[in-house]
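Report on the structure given below.
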RNA sequence: GGUGGGUUCGUAUAACGGCUAGUACUCAAGAUUUUCAUUCUUGCAAUAGGAGUUCGAUUCUCCUACCCACUACCA
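In the working numbering, the protein residues as written are 1 to 498.
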C-alpha cells in the first residue's frame with residue numbers, strides 16, 4: 001500500500017489563523033494515525049502578497065501546538081523533496097506548463113488586464129457572466145486564435161502573457177471527496193484558469209499545487225472547503241498530466257460565533273477572543289492577540305480546535321494529542337461549518353489548568369507575582385496555587401483571586417463596607433479576632449457566643465481583603481498569619497467610617 | 001447573477017432506517033459553603049418547511065427556503 005503522505009501548504013501572506021491551525025492539525029493527526037508523513041510546504045507564488053515574518057510565524061505556531069512536521073520547511077535533516085518553498089522551486093514549473101501546451105491541454109494567452117476587464121463588464125451589461133473558456137476563447141487573443149508567427153512574435157516581445165488551462169468544452173467531471181462523497185460539475189461552467197504568469201516567472205496556485213503534490217508523492221489532500229470549487233480543475237490537471245491523483249478531503253469552515261460567515265480577525269477583536277494562535281504584530285505595527293499570550297495552554301488549544309468539526313462519536317471531550325491521533329478519522333469530520341464558541345474555549349483551558357501539577361502552575365505564577373512586585377517563597381506559593389487552582393481559567397486569574405494573600409488591601413469596596421462594616425459587627429469581629437489564636441478557635445468562639453457567623457466573618461473578610469467575597473477566612477489567616485490579620489483589621493478600623 | 005457545498009436545542013455535536021432524540025458549553029433554579037468561586041442536583045432548549053419511499057425517516061429521494069464558499073495573472 002502507498003505510504004500516507006499529507007502536507008500543510010499555507011501561504012505566507014499574514015499570520016496563520018486558527019482555522020489554518022485546525023487544517024494543519026487534521027493533516028497531522030491523519031498522518032500520525034496512519035504512520036505517514038506530515039510535510040510543511042510554503043506556497044509563496046504570489047510575490048505581491050508576501051509578508052515578512054509570516055513564514056516564521058507559521059512555523060512557531062505549529063511548534064507551539066505540538067504539530068511538528070517531519071519533512072519540509074523548518075525541518076532539520078533528511079528532506080528528500082527539498083526545497084519546500086515554491087519560490088525556491090520556480091525553475092521546475094514552466095516545463096510542466098509547456099508540457100500541457102504540447103499535449104493540447106493549455107495555451108498561451110495574450111489578453112491584457114484591460115481587455116479582460118472590458119470583456120467582463122460588457123458581459124455583465126448584457127446580463128451575462130463572462131467565462132474565459134470554450135465559449136469565449138475563440139474570440140480572444142491567444143495561441144488558439146492567432147497564427148504561429150503572431151504567437152512567437154508576442155511571446156518574444158511581451159512580458160505579460162500567461163499560460164491558461166484549456167477547459168474541456170462539454171464534460172461532467174466526476175469527483176469524490178472523503179468527507180462530502182460524490183460531486184459532479186459541468187466543465188461548461190468552469191473557466192480556463194491561468195497556470196503560469198510570464199510577468200513574475202511563477203506558476204499560480206493551481207499548477208504549483210498539483211505539480212508539487214505529485215512530485216512530493218502526496219497521498220491525501222486535506223484542505224479547507226474554500227478549495228472545493230477548484231477541485232474539478234485539479235482533477236482535470238492530474239488527468240492532463242497523466243498522474244495518479246491523491247484522495248481529497250475538504251474540511252468545513254470555521255465560522256464566526258454570532259451571525260454568519262467565515263471567522264475573521266475582526267470578530268475576535270469585537271468579541272474579545274483571539275483568532276490567532278500567537279500574538280502577531282503586522283509590519284504596519286497593528287497588533288493581534290494570540291491564544292498563547294492570552295494564557296491558553298497549547299494542549300487545550302489543540303483539544304478545542306480538534307473538536308471543532310470533528311468528534312469521535314463518543315462522549316469523551318478531553319483528548320491529549322496521542323489520544324487524538326488514536327481516535328481521529330476523516331470519516332468523522334462533519335460537513336457543515338462550525339461556529340466557534342469562545343465560552344467553550346475557556347472551559348477547555350479551565351479543565352487543562354486543573355490537570356496541571358501544582359509545581360508547574362507555581363512555576364508559571366511566580367513571574368506574574370514578580371510583575372506585581374511580589375517576591376514570594378515558592379513553597380508558600382505552591383500551597384496557595386493548590387488552594388485556588390480550581391477557581392481559575394487562566395494562570396493570570398491567580399492574582400485576581402488571591403492577591404490579598406500577598407499584600408494588604410489599599411481600599412475597600414463601598415457596597416460591601418456599607419453592608420458589613422457596622423458597629424456591632426466590628427465589635428464582635430474585633431473581640432473574636434483578639435481573643436483567639438487561630439481561625440478554628442475563632443470560629444468556635446463565635447459559635448459559642450451564638451453570634452451571626454456570616455456577619456462577623458464578612459466583617460473580618462472586608463478588613464482582610466477589602467471586599468466581602470473571596471477565600472475562606474481560615475485559609476486567608478493561615479497564609480497571612482494572625483499578626484497580619486490583626487494589623488489589617490486595625491487599619492480597617494482607622495480607615496472605615498461606620 | 002452563475003456554480004458548488006451545507007442545514008439536529010443559542011453553540012459544538014450524538015443517534016446500523018427502529019426506546020421518551022443523548023452529551024458538553026452557556027443560561028436558570030436548588031443544595032453545600034462564613035461570602036465568592038468550586039462541587040452536586042434539577043431545569044430550559046433542537047431534527048428548516050413540504051412531498052415521496054417505508055410497517056417505521058433526524059437518517060434515503062425530490063422540491064422550496066435559508067446560510068456559506070467560489071466566481072483574479074490571490075492562495
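Glycine is no exception: its CB is placed at the ideal position from the N, C-alpha and C atoms.
Closest in alpha carbon position to residue 365, among 400, 261 and 298, is 400.
Contact between residue 89 and residue 83 holds: their C-beta atoms lie close to 6 Å from each other, under 8 Å.
Per the coordinates, the alpha-carbon of residue 75 lies some 22 Å from the alpha-carbon of residue 92. Contact between the stretch 295-306 and the stretch 35-46 is absent, with fewer than three C-beta pairs closer than 8 Å.
In the displayed model, residue 265 falls within a helix according to three-state DSSP.
Across the structure, residue 438 and residue 309 are spaced so that their CA atoms are roughly 54 Å apart. When the Cα atoms are used, residue 349 and residue 315 turn out to be separated by approximately 18 Å. Burial is judged here by how many other beta carbons sit within 10 angstroms of a residue's own beta carbon; residue 172 has fewer than 16 and is exposed.
The stretch 50-68 makes no contact with the stretch 333-340: fewer than 3 CB pairs, one atom from each, lie closer than 8 Å.
Membership of residue 233 in the alpha helix (DSSP H) is indicated by the continuous run 231-241.
Two segments are said to touch when three or more pairs of C-beta atoms, one from each, lie closer than 8 Å; by this definition the stretch 194-203 does not touch the stretch 57-72. Remark: C-beta atoms of residue 120 and residue 160 do not approach each other more closely than 8 Å.
Listed in chain order, the non-local C-beta contacts of residue 162 below 7 Å within the same chain comprise 109, 194, 196, 197 and 198, local neighbours out to five positions each way being set aside.
Per the coordinates, the alpha-carbon of residue 274 lies some 17 Å from the alpha-carbon of residue 307. The three-state secondary structure of residue 177, taken from DSSP, is strand. Following the DSSP letters along the chain, one finds residue 364 in no beta strand (DSSP E) but inside the alpha helix (DSSP H) bounded by residues 358-371. Linking residue 374 to residue 356 through their CA atoms gives a straight-line distance of about 23 Å. Counting of Cβ neighbours within 10 angstroms places residue 142 among the buried residues, the total reaching 16 or more. By the neighbour-count criterion, in which a residue is buried when 16 or more other Cβ atoms sit within 10 angstroms of its Cβ, residue 186 is exposed. Under the three-state reduction of DSSP output, residue 489 falls in the helix class. Annotated three-state conformation of residue 205 is helix, per DSSP.
At the C-beta level, residue 294 and residue 246 stay beyond 8 Å of one another. Residue pairing by DSSP places residue 184 opposite 174 in a beta bridge. The beta carbons of residue 429 and residue 445 sit about 11 Å from each other, so the pair does not count as a contact at 8 Å. Between the C-alpha atoms of residue 448 and residue 379 there is a straight-line separation of about 35 Å.
The C-alpha of residue 494 is placed about 25 Å away from the C-alpha of residue 475.
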